[in-house]
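Note that the sequence shown covers residues 63 to 226 in the numbering used here. Glycine included, each C-beta is placed from N, C-alpha and C at the ideal position. Just so you know, these numbers come straight off a predicted model, no measurement behind them. Data first, discussion second: the structure below is written as structure tokens.
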Amino acid sequence: MTAELPYRRNVGAVLFNRAGQVLIARRADVAQDAWQWPQGGLDAGEEPASAVLRELREEIGTASATLLGEVPEWLTYDLPAELVGKALGGKYRGQQQKWFALGFTGEDHEIRLDQDPHPEFNAWRWAELEDVPEIVVAFRQPIYRRVAEVFAAFKGWAAGGSAP
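Structure follows, in structure tokens:
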């Protein structure tokens, strides 16, 4: 059954603060302590760079961000067998993701998880980029390692206010 299901196209946001840390948020819809970077599906005809800014507004309540860069390739993961048919509306085998690095240009108080009637997250914090791959659920770790590797160069964004 898994092989017949498509991948959901998705964008992900790694939001850097001026201290070079990244925002991670705890999922509200699972019992375990599941942390991740903001991400979400692409709407029909939507460009990935526009989608990532929309997702930031929807999921963490802020549009105070500037695009710094992106992972050049699309990254794909498969859901664990026990989640296929349940997660992602039961329609997908996993996700194909385009990841973007963004610089947070606002203040912490602008991050609001309660802007959506069905919030995806119930807590957030700043973390070190290199620590995040070990915090997320196991099936997402390979993608998070790749994203952290590509985006390590953006930790310096805070010092000069521009991308490398």
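Remark: C-beta atoms of V76 and W99 approach each other more closely than 7 Å. Under DSSP, the beta-bridge partners assigned to V84 are F78, A189. Residue environment for V133: buried (at least 16 other C-beta atoms within 10 angstroms of its C-beta).
If you compare the alpha carbons of F166, I86, D178, E144 with that of E190, the shortest gap goes to I86. Two segments are said to touch when three or more pairs of C-beta atoms, one from each, lie closer than 8 Å; by this definition the region 110–128 does not touch the region 195–214.
L67 and I197 have their C-alpha atoms roughly 28 Å apart. Closest option to R207, judged by alpha-carbon separation, among G151, T138, A149: T138. Check the Cα spacing between G123 and each of D193, Q203, W161, D178: the tightest is with D178.
L145 sits away from G156, with the two beta carbons spaced by 7 Å or more. Taking C-alpha positions only, K153 is separated from R70 by approximately 8 Å. Rounded to the nearest whole angstrom, the CA to CA distance from D105 to D193 is 31 Å. Of the candidates K217, N184, L164, P195, the residue whose Cα lies closest to the Cα of A113 is L164.
For Y69, the three-state secondary structure derived from DSSP is strand. Sequence-distant Cβ neighbours of T167 in its own chain, meaning closer than 8 Å and more than five residues away, are S126, A127, T128. Its chain contains Q98, Y139 as the residues whose beta carbon lies nearer than 8 Å to that of R202, once the 5 sequence neighbours on both sides are disregarded; these appear in chain order. Boundaries of the beta strand (DSSP E) around F166: 156–166. Counting the other CB atoms within 10 Å of its CB gives N72 a total of 16 or more, which places it among the buried residues.
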